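Whatever position you read off the sequence shown (first residue = 1), add 175 for this note's numbering.
Scroll down for the structure; my scribbles are underneath it.
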Amino acid sequence: MTAITERLATLRARVLQACRQAGRDPGGVAIVGVSKRHPPAAVRAARAAGLHDFGENYVQEAVAKITQTTAACWHFIGLMQANKTRAIAGHFDWAQTVTSLQLATRLSAQRPFHAPELQVCLQVQPEPAAGRGGVPAAALAGLAEEVAALPRLRLRGLMFMPLAGLDEAALRAEFRRVHGLYMELRELGHELDTLSMGMSDDLELAIAEGSTMLRVGTALFGARSHATPGDAGASREQEGP
């Protein structure tokens with residue numbers, strides 16, 4: 176058994192236990208392996224162990240892995256820049272960090288006609304804070320309406336990246352607030368099924384507060400190299416943008 180196989184088994188056990196404690200079906204919580212700064216061999220090992228979904232922050236690094244891995248689903252989870260949308264639209268299955276109509280419109284126009292719809296999440300900012308990216312809560316409903324109307328995209332839900340260093344109470348409150356925003360959009364008629372929040376250190380809290388998709392890097396792949404190939408502009412060490 177490889178180290179990644181063992182870590183994936185441990186991770187799945189954590190998810191199962193958290194779902195039991197929250198009274199939830201573990202089948203309703205997906206795991207995205209955040210493979211940024213890990214070699215293609217690590218991705219292939221995780222795929223061989225049964226992981227299907229992978230998240231990448233850097234387009235150039237991701238494309239090299241995508242071309243070397245078969246039958247996987249790829250999520251872009253990094254800082255989205257206008258000059259990267261063509262590559263994202265052409266290579267990824269999901270774009271989780273849409274923050275504006277401009278970005279969504281570019282993805283829609285640049286998605287290849289032969290490809291399935293690009294699955295999209297809006298990255299949300301529940302409360303204004305310095306250094307935090309995302310759609311403000313007040314603008315979320317309007318943007319969701321506009322993005323949902325674009326061709327070749329399918330709006331699936333929300334993605335949330337909390338600030339580092341929050342204590343458990345503050346983090347739980349933020350997760351709960353984001354879940355509330357997600358439910359508000361569903362009540363407006365959007366057929367959403369994805370709430371992407373929760374990482375290696377906080378996945379139990381995220382599951383308790385309604386997450387349907389976890390973005391897990393360290394707990395699955397181990398520590399990362401600090402060498403970042405390609406793409407400038409996305410430097411967080413967390414499992415997100």
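Note that the Cβ used here is the ideal one computed from N, Cα and C, for glycine as well.
These numbers were taken from a predicted model, which means no experiment stands behind them.
Val322 by DSSP, collapsed to three states: which one? helix
Along the alpha helix (DSSP H) that carries Glu236, what are the first and last residues, could you check? Val234 to Ile241
I'd like to confirm the pairing. Which residues does DSSP put opposite Cys296 in its beta bridges? Gly332
Can you tell which of Glu362, Pro311, Glu302 and Trp269 has its C-alpha closest to the C-alpha of Pro291? Trp269
Could you check the C-alpha separation between Ala313 and Leu360 for me, to the nearest Å? 12 Å
Whether Val238 touches Met388 by CB criterion (8 Å): no
Just curious, the beta strand (DSSP E) that Ser371 is in, first and last residue? Thr369 to Ser371
From Thr403 to Ile263, what distance separates their C-alpha atoms? Bear in mind that a pLDDT of 46 at Thr403, under 50, signals an unreliable position, so the number given afterwards is only what the model happens to contain. Distance between the alpha carbons of Thr403 and Ile263: 18 Å.
Are the region 391-401 and the region 293-313 in contact at 8 Å, needing three or more beta carbon pairs? no
With a floor of 4 residues, list each alpha helix (DSSP H) that falls wholly inside the region 187-236, ordered by position along the chain. 215-223
Could you round the C-beta distance between Gln298 and Val322 to whole angstroms and report it? I think they count as a contact, below 8 Å. So it is not a contact: roughly 12 Å between Cβ atoms.
Coil, strand or helix - Phe350 by DSSP: helix
Is there contact here, the region 367-374 with the region 338-348, by at least three beta-carbon pairs under 8 Å? no
If you check the beta carbons only, do Lys259 and Glu236 fall under 8 Å apart? no
C-beta atoms of Leu422 and Pro303 nearer than 8 Å: Because residue 422 is not part of the residues shown, which for the chain are 176 to 416, the question remains open.
Check the C-beta distance from Gln277 over to Phe251 and give it rounded, since I have them as a contact under 8 Å. So it is not a contact: roughly 16 Å between Cβ atoms.
In this structure, how does DSSP classify Ala178 when only helix, strand and coil are distinguished? helix
Can you name the residues that DSSP bridges to Leu183? None, per the DSSP bridge assignment.
Residues in its own chain within less than 7 Å of Cys194 by CB, not counting five upstream and five downstream? Asp200, Pro201, Val204 and Ile382
Please classify Ala345 as buried or exposed, where buried requires at least 16 neighbouring CB atoms within 10 angstroms. exposed
Would Pro215 and Gln243 qualify as a contact pair, given that the criterion is a beta-carbon distance under 8 Å? yes
Output the residue ranges of the beta strand (DSSP E) runs that lie fully inside the region 237-282 and measure 3 residues or longer, sorted by chain position. 248-251 and 269-273
Leu389 lies in the beta strand (DSSP E); which residues open and close that run? Met388 to Val391
Closest by C-alpha distance to Ala279, when choosing among Ala223, Leu318 and Ala247: Leu318
Out of Val353, Leu282 and Tyr233, which one is the CA nearest neighbour of Ala310? For the sequence presented, residue 310 should be read as Val rather than Ala. Selected option, being the one with the closest Cα: Val353.
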